[in-house]
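So the structure is just underneath, and the comments pick up after that.
Protein chains in written order, with our numbering: chain A, 19 to 302; chain B, 53 to 469.
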């Protein structure tokens, strides 16, 4: 941001001060993530930079923690990753299905008690996670679903649907309902209209809601801590135990993989957001 | 003209008004049916269990069911002197039944909560009762231990008669009902929960404030920079937002530990000597730093989306009308961003007040919050009714904040990026 030539000195000083503050905040936000990368290649068993690493000695770096993550004996990461993906995928499918259908109903202007129902549907997002965890645990224990995959998937559907409901209703708010009426007047039945007309138009919203649901499930630890047994361990649970008990650099290798995954999700979400804005005709 | 002839009829001969109403109702049902599956699912798996928490938190049926005869006979007892013979007899019969069912241990635990000293005298009574003769139970029971002659113990039993209790809520606020039935504070050195509530509020407040102070300038920068640059900088906000909470907490644990990068940096620049590295983790400092960084994106995003809609020409107009940049900012720009500030602060405050993972990992003993206490009672002491009571107290607080916010700003302004 270049300043005009006539700017007074005190505003010039203020401006550079402002830029400095902003840079510091950006640094504060992003820098912690980048500490993990180099340390995950540490050849030693410590979680701080060794002398060798500071001098960029090639021997101080190794892939041993990545090997440990994949091949390590007694290492729970394989099972955890499998469980995490299975649970997240089913939870996402469930959330997207229930959430999208509900959002369609909610966006109808005929919907009775809209405010109350909307508040109920997004309540899992507002209620602190620890309380959700306790409540869901009571239900699952009664239903005999504690320490099962099904129980965790259901719990994550509860936590994921608010995101889908919000993103899809937001997409539908800019939706031109005359196109569906046009389809109906041309003889299409409601299901066909939905599949051929509505769904393609709201798809970006559905997918970004699904991404939110996926990340929520994949990253969720509070509720799973209450529900999971040994068989249902997930990546967040493994990380939680690891961080509490023995901080081994294997965790950093896992963390690096997770950062790469979240970068991929970020890129997808950004691309979708832009496409959705283009489709809805919002050009800035 | 009469009213009937004015009515417009559809082709089927039905009045238009009726036909429209019918269509309207059909649409209503259709919309509702679409919402119904999710609504039903959430009601069963989520809303009712929260109601279940409420029931558990006030439920005190256990003792009521264990001593049914005793409580019935106690109804007429005024509690001033030792109860009459019938009460002793009823108590003897109830307790005998519990010994036969092998559930008398639960009773002694429960009564010991109400008054210390029950455990030993109940145990003694259980041993001596085998030799009891029929009739005159008052004499036989009081002979077992002098405490059975103390009317306070009988009053303590009577206090457990109601099927519902507020004891767990009072315990959550470090209060209890004393022998005279009055609500009093527990001794000063045993008030743990009040400290936790205050600390939770304090941490949530300061984290919100810190987030606001840091987020405002960068949201402003992101909103005013040309798209090309702001999109790049936006990654700095969005990448942490999408990254696992545990990964971010892990990175703070690495940074803040005594041999960590931050301390290394302090030593290198000579701020602190090598042998006196400050403790930055496992205390409140750690909780503050990590929570602020983790919750910052939740403040930046609502602020950014509001600031993006403010036209830059407004500031220019303010300046051209004679305001200095600061006055123009304060009088024109800042008031326009208030909805964003409200949404961001609400989001961060509510998230912070219920935070669990980060305080548990970097908080240590002095940095844990009320959520940690709830989890502790759920998993370690298994006092689920107390955990439920504290959870509901927290929930009430959150809903109150939400309600106030809705009155002031309106909830509809919340959006996700």
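We put the beta carbon where it would ideally sit given N, CA and C, even for glycine.
- Listed as beta-bridge partners of residue 424(B) by DSSP are no residues whatsoever.
- Residue contact with chain A for residue 249(B): absent (no Cβ-Cβ distance below 7 angstroms to any residue of chain A).
- Taking a cut-off of 8 angstroms on C-beta distances, the region 383 to 403 of chain B does not touch the region 124 to 136 of chain A, as fewer than three cross pairs fall below it.
- Neighbours of residue 300(B) in chain A, taken as residues whose beta carbon is under 8 angstroms from its own, are 50 and 51 in chain order.
- In the displayed model, residue 227(B) falls within a strand according to three-state DSSP.
- In the three-state reduction of the DSSP assignment, residue 156(B) falls in the helix class.
- A straight line joining the alpha-carbon of residue 184(A) with that of residue 55(A) spans about 34 angstroms.
- At the C-beta level, residue 180(B) and residue 196(B) come within 7 angstroms of one another.
- For residue 60(B), the three-state secondary structure derived from DSSP is coil.
- Where residue 236(B) is concerned, the enclosing beta strand (DSSP E) starts and stops at 235 to 237.
- Per DSSP, residue 50(A) is one residue of the alpha helix (DSSP H) stretching across 27 to 58.
- The C-alpha of residue 101(A) lies about 20 angstroms from the C-alpha of residue 162(A).
- DSSP places residue 140(A) in the uninterrupted alpha helix (DSSP H) bounded by 132 to 144.
- When the beta-carbon positions are compared, residue 266(A) and residue 106(A) stay at least 7 angstroms from each other.
- Identification of chain A residues near residue 335(B) by a Cβ-Cβ cut-off of 9 angstroms yields none; the smallest Cβ-Cβ distance measures about 17 angstroms.
- Residue 402(B) reaches chain A at 144 and 146, counting residues in chain order whose Cβ is nearer than 8 angstroms.
- For the C-beta of residue 106(A), not a single chain B residue is nearer than 9 angstroms; the gap to the nearest is close to 12 angstroms.
- The CB of residue 128(A) comes closer than 8 angstroms to the CB of 76, 79, 80, 82 and 83 in chain B, given here in chain order.
- By a beta-carbon distance limit of 8 angstroms, residue 263(B) does not contact residue 456(B). Their separation comes to about 19 angstroms.
- Residue range 167 to 191 is occupied by the alpha helix (DSSP H) that includes residue 184(A).
- When the five nearest sequence neighbours on each side are left out, the beta carbons in the same chain lying within less than 6 angstroms of the beta carbon of residue 137(B) are those of 190, in order along the chain.
- Between residue 104(B) and chain A, the shortest Cβ-Cβ separation is below 7 angstroms.
- With respect to the C-alpha of residue 238(A), the residue from 255(A), 189(A) and 224(A) having the closest C-alpha is 255(A).
- Apart from the 5 residues on each side of it in sequence, residue 175(B) sits with its Cβ closer than 8 angstroms to the Cβ of 160 in its chain, given in chain order.
- The alpha-carbon separation between residue 222(B) and residue 112(B) amounts to approximately 14 angstroms.
- The C-alpha of residue 426(B) lies about 12 angstroms from the C-alpha of residue 146(A).
- Exclusion of the five residues before and after residue 242(A) leaves 170, 252, 254 and 255 as the residues of its chain whose Cβ lies within less than 7 angstroms of its Cβ.
- For residue 302(B), the uninterrupted alpha helix (DSSP H) segment begins and ends at 297 to 308.
- In the DSSP assignment, residue 125(A) falls within the unbroken alpha helix (DSSP H) covering 95 to 125.
- Using a Cβ-Cβ cut-off of 7 angstroms, residue 282(B) does not count as an interface residue toward chain A, since no Cβ of chain A sits closer than that to its own.
- Those residues of the region 311 to 329 of chain B placed with their C-beta closer than 8 angstroms to a C-beta in chain A are 311, 312, 313 and 316, ordered along the chain.
- For residue 275(A), no Cβ of chain B is located within less than 7 angstroms of the residue's own Cβ.
- If you ignore the 5 residues before and after residue 230(A), its C-beta comes within less than 8 angstroms of the C-beta of 178, 181, 182 and 185, all in its own chain and listed in chain order.
- Using a Cβ-Cβ cut-off of 9 angstroms, residue 145(B) is close to nothing in chain A; its nearest Cβ partner there is about 33 angstroms away.
- The C-beta of residue 192(A) comes no closer than 7 angstroms to any C-beta of chain B.
- When DSSP states are grouped into helix, strand and coil, residue 198(B) belongs to the helix group.
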